[in-house]
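Under this note's numbering, the first residue of the sequence shown carries the number 539, and numbering increases by one thereafter. Note sheet for the following structure.
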Amino acid sequence: MNNLVQKQRNYFKTHKTKPLSFRVQQLNKLQEVLKSNEKLIYDAIYKDFKKSEFDTFVTELALLYHDIKEAKKNLKKWAKVKSVKTNMLNFPAKSYIIPEPLGVCLVIGAWNYPYQLTLAPAIAAMTAGNTVVIKPSELSSETSAVMAKLINENFDSEYLKVIEGGIPETTELLEQKFDKIFFTGSTQVGKIVYQAAAKNLTPVTLEMGGKSPAFVIKDCNLKMTVKRLVWAKFLNAGQTCIAPDYVLVDETIEKEFLELVKIEIEKENFSIENGNYTQIINERNLDRLSKMIDTDKVYYGGETESLDRIIQPTVLKNVILSDNVMQEEIFGPILPVISYTNLEDAIEQVNDLPKPLSCYIFSSKKEQVKKILNEISFGGGAVNDAVMHIANSKLPFGGVGDSGIGSYHGESGFKTFSHYKSILEKTTLMELSLKYYPHSKTKLNWIQRFIGI
Ligand code: NAD
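Right under this line is the structure:
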């Protein structure tokens with residue numbers, strides 16, 4: 539690991555990663571590698587947790603192709619030196635900001651969208667002119683192996699390298715000095731990464747999870763709400779960081795809401811065969827999720843097929859905050875429904891929990907939407923939809939508090955992997971003598987005038 543990081547550092551020091559032409563060339567190469575190996579990519583993820591080609595394309599590859607296209611289109615604009623006004627005290631001079639790459643970056647990814655969560659940050663880092671070490675999750679091991687093969691066979695390791703492995707390998711990587719660490723995973727491991735980074739004063743972006751609520755308010759378009767919520771919740775069998783974790787529904791529409799949810803789940807007909815459902819990633823998670831299903835509260839589903847690692851879409855009703863299912867992020871196909879009598883109390887309940895990664899508000903009343911947006915702090919979200927905000931790269935994606943530090947996607951990804959160097963450039967043709975000794979009342983008056991006080 540030490541050798542690898544040193545090699546990348548030496549390469550970065552040659553400045554070869556900095557020209558925009560080099561960055562575009564490498565992005566093109568990555569696109570070509572992905573495009574010509576899609577079959578390998580689809581097969582690997584299917585082996586890991588039976589994710590279909592359709593879902594892999596839509597939720598992983600499409601986003602990566604889009605990121606590459608957008609980066610190439612905007613690179614010149616993002617990397618441009620930006621002139622800013624010079625203040626009177628520094629007159630005459632020019633002031634400008636130079637975006638520069640940070641250096642050697644480490645990207646640690648989670649398993650649930652294994653291509654997107656490692657390669658999208660890597661694309662942002664490459665676009666900003668860095669070298670990158672990628673550590674995908676050991677839980678999606680087939681995918682990680684394919685990623686290692688594709689990247690390591692096609693790129694120089696001094697520029698881009700995939701390291702496979704779990705805790706020991708990541709721990710060793712974290713002992714190295716990087717210029718940036720970008721982590722996607724649980725809050726618990728995020729804390730370990732943050733501590734390791736602090737030893738070297740390495741800046742971090744932490745993309746973590748949490749319990750993302752969905753408010754279903756009395757005046758919403760209930761049919762549309764249910765359709766969008768059910769899709770967002772059971773996509774990838776609920777193993778999505780921004781999936782609605784639980785629903786807060788107005789008690790007066792709870793019954794109708796539950797009935798419509800049941801109808802919609804049956805209509806969607808979630809199954810591996812239909813390509814719209816996946817396995818639970820491993821037995822440990824299957825076991826963890828099974829313990830969250832309180833049989834007394836099952837409204838729909840609840841069955842588990844242990845051998846195939848499948849949990850049927852499950853809806854729990856009459857859920858209260860002290861229930862097992864409300865103690866941690868679910869990250870699986872279980873939807874707890876909590877009814878509320880008044881919105882104020884529901885907001886307070888959410889605010890008693892750590893700040894979530896997302897929040898969804900289904901309502902047609904502007905004041906209620908505004909109230910929730912104003913009173914709850916969360917990473918990002920949607921009004922009258924769920925999950926889809928991730929598909930707009932103009933929206934910086936990231937958490938707040940326990941759900942994350944920093945953001946990426948589109949230009950925010952470029953910024954995340956850049957340092958903005960501020961420069962004041964003075965002329966040597968003249969010099970104002972105000973700051974120099976001997977001081978005088980007149981000089982002080984002028985300085986005060988320039989500052990504007
Ligand atoms: P995880 O934290 O267990 O693992 C993430 C990465 O950290 C893996 O590469 C793993 O090898 C490594 N790791 C695990 N334990 C480690 C340790 N002790 N020391 C050093 N490295 C370690 O998370 P996961 O199970 O892969 O993913 C699920 C979590 O990720 C959920 O909380 C989910 O919400 C979150 N997530 C967040 C986003 C986001 O964009 N915010 C996206 C996907 C998943």
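Think of the CB as a built atom: it goes at the ideal place given N, C-alpha and C, for glycine as much as any other residue. Quick caveat: nothing in here was measured; it's all calculated off a predicted structure.
Proximity test, Ser724 beta-carbon vs the ligand NAD heavy atom, cut-off 6 Å: On the sequence shown, residue 724 is found 186 positions in, with the first residue counted as 1. Answer for Ser724: yes, Cβ within range of the ligand NAD.
CB contact flag (Gly641, Phe550, <7 Å): Residue numbering aside, residue 641 sits at position 103 when the sequence shown is read from its first letter. Residue numbering aside, residue 550 sits at position 12 when the sequence shown is read from its first letter. For Gly641 and Phe550, yes; Cβs fall inside 7 Å.
Inter-residue Cα distance where the pair is Glu797 and Thr669: Position 259 of the sequence shown holds residue 797. Position 131 of the sequence shown holds residue 669. Going from the Cα of Glu797 to the Cα of Thr669 covers about 52 Å.
For Tyr815, the three-state DSSP class (helix, strand or coil): The residue given as residue 815 occupies position 277 in the sequence shown. In the structure shown, Tyr815 sits in coil (DSSP, three-state: anything other than H, G, I, E or B).
Residue(s) in a DSSP beta bridge with Tyr784: For the purposes of this step, residue 784 is identified with residue 246 of the sequence shown, where counting begins at 1. Paired residue(s): Pro751.
Where the beta strand (DSSP E) through Tyr838 begins and ends: Locating residue 838 in the sequence shown gives position 300, where the first residue counts as 1. Per DSSP, Tyr838 belongs to the beta strand (DSSP E) from Val836 to Tyr838.
Whole-Å CB distance - Pro874 paired with Val863, under 8 Å assumed: Here the question's residue 874 lines up with position 336 in the sequence shown. Here the question's residue 863 lines up with position 325 in the sequence shown. The pair is a contact, with the Cβ atoms about 5 Å apart (cut-off 8 Å).
Coarse secondary structure for Leu525, derived from DSSP in three states: Nothing can be reported for residue 525: it is not among the residues displayed for the chain, which extend from 539 to 991.
Uninterrupted alpha helix (DSSP H) stretches inside the segment 893 to 938 (no shorter than 4 residues): 904 to 913
Spatial neighbours of Ile858 in its chain, beta-carbon cut-off 6 Å, leaving aside the 5 residues before and after: Here residue 858 is taken as the residue at index 320 of the sequence shown, counted from 1. Nothing meets the Cβ criterion.
CB contact flag (Ile516, Leu827, <7 Å): Nothing can be reported for residue 516, as the shown portion of the chain is limited to 539 through 991.
CB contact flag (Ile661, Ile606, <7 Å): Locating residue 661 in the sequence shown gives position 123, where the first residue counts as 1. Locating residue 606 in the sequence shown gives position 68, where the first residue counts as 1. Yes.
Distance cut-off 6 Å: Ser679 Cβ against heavy atoms of the ligand NAD: As a position in the sequence shown, residue 679 is number 141, starting the count at 1. No, Cβ of Ser679 sits at least 6 Å from all heavy atoms of the ligand NAD.
Cβ-heavy atom distance, Ser1015 to the ligand NAD, below 6 Å: Since the first and last residues shown for the chain are 539 and 991, residue 1015 lies out of range.
Cβ distance (whole Å) where Ala582 is taken to contact Glu680 below 8 Å: For this step, residue 582 is matched to residue 44 along the sequence shown. For this step, residue 680 is matched to residue 142 along the sequence shown. Indeed they touch by this definition, with Cβ atoms about 4 Å apart.
Closest Cα partner of Thr743 within the set Leu967, Ser956, Leu982 and Leu602: For the purposes of this step, residue 743 is taken as residue 205 along the sequence shown, with counting starting at 1. Closest option to Thr743, Cα to Cα, is Ser956.
Stretch-stretch touch, CB-based, cutoff 8 Å, three pairs: the segment 585 to 596 with the segment 690 to 698: no
Selected residue, minimal CA-CA separation from Val925, among Trp769, Glu905 and Ser978: For the purposes of this step, residue 925 is taken as residue 387 along the sequence shown, with counting starting at 1. Checked all of Trp769, Glu905 and Ser978; the closest Cα to Val925 is Trp769.
At least 3 beta-carbon pairs within less than 8 Å: the segment 880 to 896 vs the segment 925 to 941: yes
Start and end residues, beta strand (DSSP E) containing Thr555: Against the sequence shown, residue 555 aligns to sequence position 17. Taken as a continuous stretch (DSSP letters only), Thr555 belongs to no beta strand (DSSP E), as it is neither H nor E.
7 Å CB neighbourhood of Leu972 in its chain, flanking five on each side removed: Here the question's residue 972 lines up with position 434 in the sequence shown. Only Lys981, Trp984 and Ile985 meet the Cβ criterion.
7 Å Cβ cutoff met for Ala775 and Thr816: Counting from one through the sequence shown, the residue named residue 775 turns up at place 237. Counting from one through the sequence shown, the residue named residue 816 turns up at place 278. Yes; because the gap between Cβ atoms is below 7 Å, this pair is in contact.
Collapsed DSSP secondary structure at Thr879 in the structure displayed: Residue mapping note: residue 879 aligns to position 341 of the sequence shown, counting from 1. Thr879: coil per DSSP, three-state reduction.
Three-way DSSP call (helix, strand, coil) for Leu854 in this model: In the sequence shown, residue 854 corresponds to position 316, counting from 1. Three-state result, Leu854: strand.
Uninterrupted alpha helix (DSSP H) stretches inside the segment 601 to 675 (no shorter than 4 residues): 654 to 665
Secondary structure of Ile848, DSSP reduced to three states: Residue mapping note: residue 848 aligns to position 310 of the sequence shown, counting from 1. Strand at Ile848.
Buried or exposed (CB count within 10 angstroms, at least 16 for buried), His947: Here residue 947 corresponds to residue number 409 of the sequence shown, with the count starting at 1. Its Cβ being crowded by 16 or more others within 10 Å, His947 is buried.
Contact set for Ile868: own chain, Cβ-Cβ below 6 Å, skip 5 residues either direction: Locating residue 868 in the sequence shown gives position 330, counting from the first residue. Cβ within range, chain order: Asp783.
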